[in-house]
Structures are given as structure tokens and as C-alpha cells.
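Enquirer:
Numbering (my numbering), first residue to last: 57 to 439.
#1: At the level of alpha carbons, what is the spacing between residue 268 and residue 149?
#2: So residue 342 packs on residue 275, CB below 8 Å; how close in whole Å?
#3: How would you label residue 303, buried or exposed, when you count the other beta carbons within 10 angstroms and need 16 or more for buried?
#4: Here's a check: name, in chain order, each residue in its chain whose Cβ is nearer than 7 Å to the Cβ of residue 96, leaving out the five neighbours to either side.
#5: For the alpha helix (DSSP H) that residue 117 lies in, which residues bound it at each end?
#6: Exposed or buried, what is residue 171 when buried is set at 16 or more other beta-carbons lying within 10 Å of its beta-carbon?
#7: Taking the beta strand (DSSP E) that residue 344 belongs to, which residues open and close that run?
#8: Mapping DSSP to helix, strand and coil, what is residue 85?
#9: Taking the alpha-carbon positions, what's the residue 107 to residue 99 distance?
#10: Which whole-angstrom value is the C-beta distance of residue 176 and residue 138, which I expect to be below 8 Å?
#11: Taking the straight line between their C-alpha atoms, what separation do you get for residue 319 and residue 307?
#12: From which residue to which residue does the beta strand (DSSP E) around residue 324 run?
#13: Would DSSP call residue 338 helix, strand or coil?
#14: Rounded to a whole number of angstroms, what is the C-alpha to C-alpha distance between residue 153 and residue 301?
#15: Let me confirm a value: residue 151 is counted as buried when at least 16 other C-beta atoms fall within 10 Å, else exposed. Which label applies?
#16: Ordered along the chain, which non-local residues of its own chain (more than five positions away) have a Cβ less than 6 Å from that of residue 50?
#17: Classify residue 419 as buried or exposed, calling it buried when 16 or more other Cβ atoms lie within 10 Å of its own Cβ.
#18: Where do the N-terminal and C-terminal ends of the alpha helix (DSSP H) with residue 104 fall, by residue?
#19: Going straight from the alpha carbon of residue 72 to that of residue 312, what length do you get?
#20: Tell me the DSSP secondary structure of residue 207 in three-state form.
#21: Assuming residue 397 is part of the beta strand (DSSP E), what are its boundary residues?
#22: Closest by CA to residue 188, which one among 289, 257, 179?
#23: Verify whether the separation of the beta carbon atoms of residue 204 and residue 134 is less than 8 Å.
#24: Pull the bridge partners of residue 162 from the DSSP assignment, please.
#25: What residue from 158, 157, 164 has the CA that sits closest to residue 145's CA?
#26: For residue 421, count neighbouring C-beta atoms within 10 Å of its own C-beta (all shown protein chains included) and say buried if the count is 16 or more, exposed if not.
#27: Can at least three beta-carbon pairs, one atom from the segment 244-258 and one from the segment 278-297, be found at a separation below 8 Å?
#28: For residue 125, which beta-bridge partners are listed by DSSP?
#29: Distance, Cα to Cα, residue 390 vs residue 314?
#30: Applying the 10 Å Cβ sphere with the 16-neighbour rule, what's the burial state of residue 168?
#31: Can you list, in chain order, the residues of its chain with a C-beta nearer than 8 Å to that of residue 353? Leave out the 5 residues immediately preceding and following it.
#32: Which stretch, first to last residue, makes up the alpha helix (DSSP H) that contains residue 229?
#33: Can you tell me whether DSSP reads residue 191 as helix, strand or coil?
#34: Going by CA-CA distance only, name the one from 158, 92, 265 that's closest to residue 201.
#35: Considering only residues of the same chain and omitting the five flanking positions on each side of residue 305, which have a CB-CB separation below 6 Å?
#36: Restricting to Cα atoms, I'd like to know which of 183, 350, 173 is closest to residue 193.
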């Protein structure tokens, strides 16, 4: 459907799911990253009229004393291929690593195996892989995810019987690219191997440190050494938070009434050094620039709860009162997604829709490997 617009701009707006739907030509969904990280386009949406720029222009658009806050989560090689003892093929997407050798995963299989079943991953020990034991559902007996114990191959050259899930994923896993990025599955083709190597590098930020995400904080993918050096020379301070992005970030909202949507939960952490950087930024009159919606969710969760770490299921929709973030660097998001709603809440619904119309008309590239926007926070009254 086409973009909708308020019928009475002066009246309070009650938003429904359809307000965040739009038609996107499929050829605008980026299947590959730009040749260079900072060569992606940047739509400057801070003012009333959009300005087309290149991402490496970003440092000049910020001010000395501003604070850029990044999400330093590291994407796990979280996609595993395997089979049941009966031979039926299956695919696991590891959503979270628990204590010991346990993980939580999405499972794609024709018929779900029974609790206690042994799954052969990457061919199983007979073919150089390993096994996993299905322990049950998660987070409860009726949960949508599966809890498994991973058992490393004792005879692998660099593994031990108690190999950690992180080590097993690094050795046997594949990058969990979003469902709209099309790649061949499990081929021995050399071209695919080269593509996997590129994805392993480019679907990861240059400052990824804390392993745990199954999706990249994509706005941060555009930063490279040159941009980071230019930001430092400009006098822009940097700080990090961690939010381990889950697969729920790609799930569209399905309830027309937004209040009925159940938001997925993700783990976050804000280190003491970042809290100190935020205080310094406010003291000097600088602006807090969030790189990505995950950083926004982390900072605003802390502002609301007072907790510097824990689980957040914050759902940001138009009318939300932002307390921390002044500027936002973000990519272009899926229709009907919670991320689309967050951006509309931040920059203003009508303004965001206008920017998306401009981006489509100007053939910007969308989603994870696509281009970026720079947005300023609007006031609730402006909407």
C-alpha cells in the first residue's frame, strides 16, 4: 500500500499497523554491501528537506563535543545445519548462549524431534562435526524456542570434549544473514566460499567485541577506520553499549492494534565508562548520537528503568518521550516493523514517511546491507 499520512496534522494521532506499511521495489533490497563501508549513501534527514550525501560525510555533520554511542555486540556464526538420527535435515539458529554448554535456538525441521534426542550437527562426529541433545522448550514448556546442550568433538585437532558453544559456532557455524538476503545453502562451490568470507567480514562492525548477537547492528556497518579517525579529529567522543540483537528484530508486527504486540526481549549492558561519557557530554552541552536502533533501545531502557544491564523488551512507538538520544544514525527498515515505528517516533511520523518516499524515488538501498539516514529527534508536540 502507499504511504499514509495524517488527515489532520494538528490532531493527536492514533497509529495502527497499516500506518507503517509501504511498497518497496524488491530490487532496492540490498543483497551485498557497498564496495567500501563508508561509500554507502547517507540521507541527511535532520531538516525539513532531505539532503543526499555519502556516509563518509558524517563527521562534518556532527559538532565537537558530541558523543557517538555504538553497539559493540559481535554477531555469532549462529546458523548450524544438521540432521536427526533418522536422517531428516534440520537447521538451527542459535538465539542465545546460556551457562555451560547450553544454548537456545530456533529450529527449522519437517518434524520436531523428541526431548532427549541426539542431533548430528555438521555431519556429526563420524564426519568431523558434533552432537547436540534436545533438552526441551524455552523459556518454558510451551516456549517457541528450543534448549539444547552442545557436545564438542573430542577428536577434533583444536577442540576438547567440553568445547564452548562459542568455539563450536566459530568452527562450524555460518553467518546468520537476514532472510531477505539470498544466499545458496551448504554448497561446496568456490564462489559461495568467497561470498561467505565476505559476509563474515562485512556483516560485522569493525569494533565488534562482545559475542552474542544473531543480527548485526547494521547502522554501524558503515563505519571504517577513515570515518572513525575523522570523528576523532572533529572532537566527537565515542562510547559503547552492548545489546545482543535477536532474530526477533526481523519479525513484523502482526496485530493491527500496536498495544497488542508482544515485543521480543534482548540482553543489554551499559558500562560505567559510557555512563561517565554521557554525563560529560551533557555537562559540556554536547549531543548524544545513537548509532542504530539497538543503541536507542539500550539507552532509553536505562533511562526508564535505571538498570545498566538486564533484559529489555521496550517497544518504542510514536508519542514516546525520549530522554537520552538527540540524533540517530540508522538504516532503512522493513515495513510494519518495530524498527520502523521506533524511527517514526524519533524523527516524527510524517517526516519519516516523507524521507522514505524520497529514498525510494532516489533509489537508495534498503535494509541490512543498504544505505543510512541521519535523523534529529522531534518533539512530541511536533507530531
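For each residue, glycine too, the CB sits at the ideal point set by N, CA and C.
Expert: Taking the definition as stated:
#1: Approximately 12 Å, taken between the alpha carbons.
#2: Taking the Cβ atoms as the reference, residue 342 lies roughly 20 Å from residue 275, outside the contact range of under 8 Å.
#3: Counting Cβ neighbours within 10 Å, residue 303 comes out buried, since at least 16 surround it.
#4: Excluding the 5 residues flanking it on each side, residue 96 has same chain C-beta neighbours closer than 7 Å at 90, 111, 278, 427, 428, in chain order.
#5: Boundaries of the alpha helix (DSSP H) harbouring residue 117: 114-117, taken from the DSSP string.
#6: With a 10 Å radius around the Cβ and a threshold of 16 neighbouring Cβ atoms, residue 171 comes out exposed.
#7: DSSP places residue 344 in the uninterrupted beta strand (DSSP E) bounded by 344-347.
#8: In the three-state reduction of the DSSP assignment, residue 85 falls in the strand class.
#9: The straight-line gap separating the alpha-carbon atoms of residue 107 and residue 99 is approximately 6 Å.
#10: Rounded, the Cβ-Cβ distance is 5 Å, consistent with contact.
#11: The alpha-carbon atoms of residue 319 and residue 307 are separated by roughly 10 Å.
#12: Element bounds for residue 324: 322-325.
#13: In this structure, residue 338 counts as helix in the three-state DSSP scheme.
#14: Each residue's alpha carbon lies about 13 Å from the other.
#15: By the neighbour-count rule (16 or more Cβ atoms within 10 Å), residue 151 is buried.
#16: Given a span of 57 to 439 for the chain in the structure shown, any question on residue 50 remains unanswerable.
#17: Residue 419 comes out exposed.
#18: Neither: residue 104 is in no alpha helix (DSSP H) and is coded neither H nor E.
#19: Residue 72 and residue 312: Cα-Cα distance of roughly 6 Å.
#20: The answer is strand: DSSP assigns residue 207 an E or B state.
#21: That residue, residue 397, is in no beta strand (DSSP E); its alpha helix (DSSP H) goes 394-403.
#22: If we check each option's Cα against that of residue 188, 179 comes out closest.
#23: It is not a contact, given that the beta carbons lie outside the stated cut-off.
#24: Under DSSP, the beta-bridge partners assigned to residue 162 are 149.
#25: It is 164.
#26: With 16 or more other CB atoms across the displayed protein chains lying within 10 angstroms of its CB, residue 421 is buried.
#27: The answer is no - the segment 278-297 does not touch the segment 244-258, with fewer than three Cβ pairs under 8 Å.
#28: The partner list for residue 125 (beta bridge, DSSP) reads 295, 346.
#29: Their Cα atoms are separated by approximately 16 Å.
#30: When all chains shown are included, residue 168 counts as exposed.
#31: Here the set comprises 299, 322, 324, 368, 370, 372, 398.
#32: Counted as a single uninterrupted DSSP element, the stretch harbouring residue 229 is not any alpha helix (DSSP H), since DSSP gives it neither H nor E.
#33: When DSSP states are grouped into helix, strand and coil, residue 191 belongs to the strand group.
#34: Comparing Cα positions, the closest option is 158.
#35: Closer than 6 Å at the Cβ level, and outside the excluded window around residue 305, lie 271.
#36: Of the candidates 183, 350, 173, the one whose C-alpha sits nearest the C-alpha of residue 193 is 173.
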